[in-house]
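Below is one structure, written out as structure tokens; the observations come after it.
Numbering (the numbering used here), first residue to last: 3 to 420.
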């Protein structure tokens, strides 16, 4: 094989080797350039553009004044850039005393900044994002081995899940032209739980059944005795009632009522079209949390069903965390009637289903929603109607309770369970 034949084959290999060598260098240069350009604030870019325009105009037109203005702007930019020099290597510790609060309470925390190095850290600004807002702390010069604690309080005005952090150390100039940001620590979720009311000293009636709710279906083997019947081929001889057999002369076996687990389902509609405003939506969420907490305390299996999603609430904390993150659903998610269909499909063995909706849901829609739930399921509907007087009515086989304030919920349910 000649040298002319080997040359075309060697060329692609050389190009690949050159590309493999250049790619890491180009990536490093690009990363460093992005870091350098990232310290420029919009005002700095405006001044850079002004300096360039004035310099070109001054040189082209021969106007000394324009050239001097360009030099002054460039000097100002250079002096402001010097403020970026310095270490920001704080050891940051973010401590939230409580990561779960009730709406209206304040979440108090501590931000600890430590200098673990052997050189002092010049004054900096520390930014703590909280949800869509942020708090700023001015930190003075911190010597080697020194630390400083910054206390803060986060007011909560609405139910939400707020991301607190990550903490950012900011170094910049007095004119706000440059800013160097270093992120520290990891964000912490702050759960703002909805308000709830307790049901102290009040039994929730049909929710309290140690062996599940008895259904109308009969079973040859269960725990709830129903009656005696004559023996049929295939019956289990263990259920023969011998005393009745001796008295009647026919073989008699026990018959039982089928029981179901005490499965408590909260079907909360998040469709904004069913609520007259945000107050009604929050009232429905608070009612769901109050009922769910009582069911959890009664050792019930609790599930929260909303449009397109089901939350299993093994504990009250998980239930309230799920309620804190709820947002109004999209119109295509449907309303309370579609939610009832979803409950019937995914939780057919539910013993108690509580439907929660707003004042814009009419009686026909509630009746249709109740009709789509499994047969034999106990249904309770709660309509949140802000400002309305408590009311109780019957729609199909469901008790419908209208509440205008959260504090009215225990007394309204007492009328249902009486």
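Virtual Cβ for every residue (Gly too), placed ideally from N, Cα, C. The structure displayed is predicted, hence computed values, not measured ones.
Review point. Below 8 Å between beta carbons: does that hold for residue 279 and residue 310?
Key: no
Review point. According to the Cβ coordinates, are residue 282 and residue 195 closer than 8 Å?
Key: no
Check your understanding: Taking one C-beta from the region 165-177 and one from the region 94-110 each time, how about it: are there three or more such pairs within less than 8 Å?
Key -> yes
Check your understanding: Mind pulling the alpha helix (DSSP H) runs of 4 or more residues that sit fully within the region 265-331?
Key -> 280-299, 318-326
Check your understanding: If residue 115 and residue 150 are in contact, beta carbons under 8 Å, what's the gap, nearest whole angstrom?
Key -> 5 Å
Check your understanding: Can you tell which of 295, 136, 197 has its C-alpha closest to the C-alpha of residue 154?
Key -> 136
Point to revise | Own chain, CB closer than 6 Å to residue 401, minus 5 neighbours either side, in chain order | key: 382, 418
Point to revise | DSSP-derived helix/strand/coil call for residue 152 | key: strand
Review point. Is residue 157 helix, strand or coil by DSSP?
Key: strand
Review point. Is it buried or exposed for residue 100, if we count other Cβ within 10 angstroms and need 16 for buried?
Key: exposed
Review point. Which one of 120, 191, 74 has the shortest CA to CA distance from residue 131?
Key: 191
Check your understanding: In terms of residues, what are the limits of the alpha helix (DSSP H) holding residue 345?
Key -> 338-348
Check your understanding: Which residues bound the beta strand (DSSP E) around residue 78?
Key -> Where residue 78 is concerned, there is no enclosing beta strand (DSSP E), although the alpha helix (DSSP H) it sits in stretches over 66-83.
Check your understanding: Cβ of residue 241 within 8 Å of Cβ of residue 256?
Key -> yes
**Study point:** Contact under 8 Å by Cβ, residue 288 with residue 198
**Key:** yes
Review point. Where does residue 373 fall in DSSP's three states?
Key: helix
Check your understanding: Which first and last residues belong to the alpha helix (DSSP H) in which residue 249 is found?
Key -> 244-250
Check your understanding: What is the C-beta distance between residue 303 and residue 269, in whole angstroms, given that I count them as a contact (C-beta under 8 Å)?
Key -> With a Cβ gap of about 15 Å, residue 303 and residue 269 do not count as contacting.
Exercise for review: With residue 135 as the anchor, note down where its beta strand (DSSP E) starts and where it stops.
Suggested key: 135-141
Point to revise | Residue span of the alpha helix (DSSP H) that contains residue 58, given as start and end | key: 44-63
Review point. Going by alpha carbons, who is nearest to residue 352 out of 180, 342, 292?
Key: 342
Point to revise | residue 327 vs residue 321 beta-carbon contact at 8 Å | key: no
**Study point:** residue 377, buried or exposed, once every other Cβ within 10 Å from all chains shown has been counted against 16
**Key:** exposed
Review point. DSSP state of residue 333, grouped into three classes?
Key: helix
Point to revise | Endpoints, the beta strand (DSSP E) within which residue 93 is located | key: 93-98
Practice item. Take the Cβ of residue 51 as the centre, count every other Cβ of all protein chains shown within 10 Å, and call the residue buried at 16 or more, exposed below. Key: exposed
**Study point:** Beta bridge counterpart(s) of residue 116 as assigned by DSSP
**Key:** 93, 149
Exercise for review: Give the DSSP-derived three-state secondary structure of residue 234 in the structure shown.
Suggested key: coil
Review point. Among 69, 399, 271, 189, which one has its Cα closest to the Cα of residue 53?
Key: 69
Practice item. Can you give me the Cβ contacts of residue 104 inside the same chain, cut-off strictly under 7 Å, excluding the 5 residues immediately before and after it? Key: 195, 197
Practice item. Compare the Cα-Cα distances from residue 301 to each of 291, 144, 64, 265 and report the closest residue. Key: 265
**Study point:** C-alpha gap between residue 176 and residue 140, whole angstroms
**Key:** 13 Å
Check your understanding: Does the beta carbon of residue 277 fall short of 7 Å from some heavy atom of the ligand FAD?
Key -> Because no ligand of any kind appears in the structure shown, any question about the ligand FAD cannot be addressed here.
Review point. In whole angstroms, what is the alpha-carbon distance linking residue 163 and residue 102?
Key: 9 Å
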